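Peer 1: Numbering of the sequence shown is given in this note's numbering, commencing with residue 192 and proceeding in unit increments. Quick reminder that beta carbons are idealized off the backbone N, C-alpha and C, glycines included. This structure is a prediction, so every number in the text was calculated from the model and none was measured.
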Amino acid sequence: MANGPGFGGIAARTVAALVLVFATYNPERWSYFHWAVAPLRSGEPTAGPASLKFLLGLALLGGWAIFLNATRRSIGLGGALLVLAMSGGLVWLLIDFGVVSAGSARGISYVVLVCTALLLAVGMNWSHLSRKLSGQVDIDPTD
Numbered sequence: 192m193a194n195g196p197g198f199g200g201i202a203a204r205t206v207a208a209l210v211l212v213f214a215t216y217n218p219e220r221w222s223y224f225h226w227a228v229a230p231l232r233s234g235e236p237t238a239g240p241a242s243l244k245f246l247l248g249l250a251l252l253g254g255w256a257i258f259l260n261a262t263r264r265s266i267g268l269g270g271a272l273l274v275l276a277m278s279g280g281l282v283w284l285l286i287d288f289g290v291v292s293a294g295s296a297r298g299i300s301y302v303v304l305v306c307t308a309l310l311l312a313v314g315m316n317w318s319h320l321s322r323k324l325s326g327q328v329d330i331d332p333t334d
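1. When burial is assigned at 16 or more other CB atoms within 10 Å of the CB, is N316 buried or exposed?
2. Could you check what DSSP says for N260 in three-state terms: helix, strand or coil?
3. Of all the options I201, S318, A293, which has the alpha carbon lying nearest to the alpha carbon of A261?
4. To which residues of the same chain is P230 closer than 6 Å at the C-beta, ignoring the five residues directly before and after it?
5. How many Å lie between L251 and S300 at the Cα?
6. Mind checking which residues open and close the alpha helix (DSSP H) that includes F213?
7. Nearest CA to the CA of L243: which residue from W255, V228, R232?
8. Determine whether the beta carbon atoms of V313 and V302 lie at a separation below 9 Å.
9. Going by the C-beta, is A271 closer than 8 Å to any heavy atom of the ligand MG?
10. Give the straight-line distance between the Cα atoms of I286 and G294, rounded to the nearest whole angstrom.
11. Skipping 5 residues on each side, what residues in its chain have a beta carbon closer than 7 Å to that of R204?
12. For S233, count neighbouring C-beta atoms within 10 Å of its own C-beta (all shown protein chains included) and say buried if the count is 16 or more, exposed if not.
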């Protein structure tokens with residue numbers, strides 16, 4: 192049996208979480224939301240075939256389902272709240288040190304998106320990290 196994913200696997204899961212979050216929405220307007228959803232809400236003409244938007248929307252939805260389910264199973268609600276609290280502390284720290292302005296919606300959006308991706312990455316990686324640190328294997332009782 193393998194010892195887990197190693198640094199490369201952890202990095203790949205983290206990059207996948209970042210891609211999922213930023214492909215769904217980002218402040219630069221290069222996202223699924225701005226391409227497929229926002230024009231529907233504002234009545235603007237949309238670019239691209241609806242079938243492609245539908246398929247990419249399903250792919251994103253599938254990605255979110257995989258990441259959220261893995262996060263729920265590995266760290267649960269308590270762990271997710273702890274990671275979110277740490278993310279809030281990170282936002283506070285970045286504002287205190289002047290890295291991000293509290294009045295910058297764009298800057299805060301980036302920090303929140305990265306924190307969301309980190310929450311998903313922790314959820315995807317936690318079982319592997321926990322097993323390496325403690326030697327115990329996580330088992331979901333609902334399986």
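Peer 2: For this structure:
1. buried
2. helix
3. S318
4. T237
5. 20 Å
6. 197 to 215
7. V228
8. no
9. This structure does not include the ligand MG; it has no bound ligands of any sort.
10. 10 Å
11. A312, M315, N316
12. exposed
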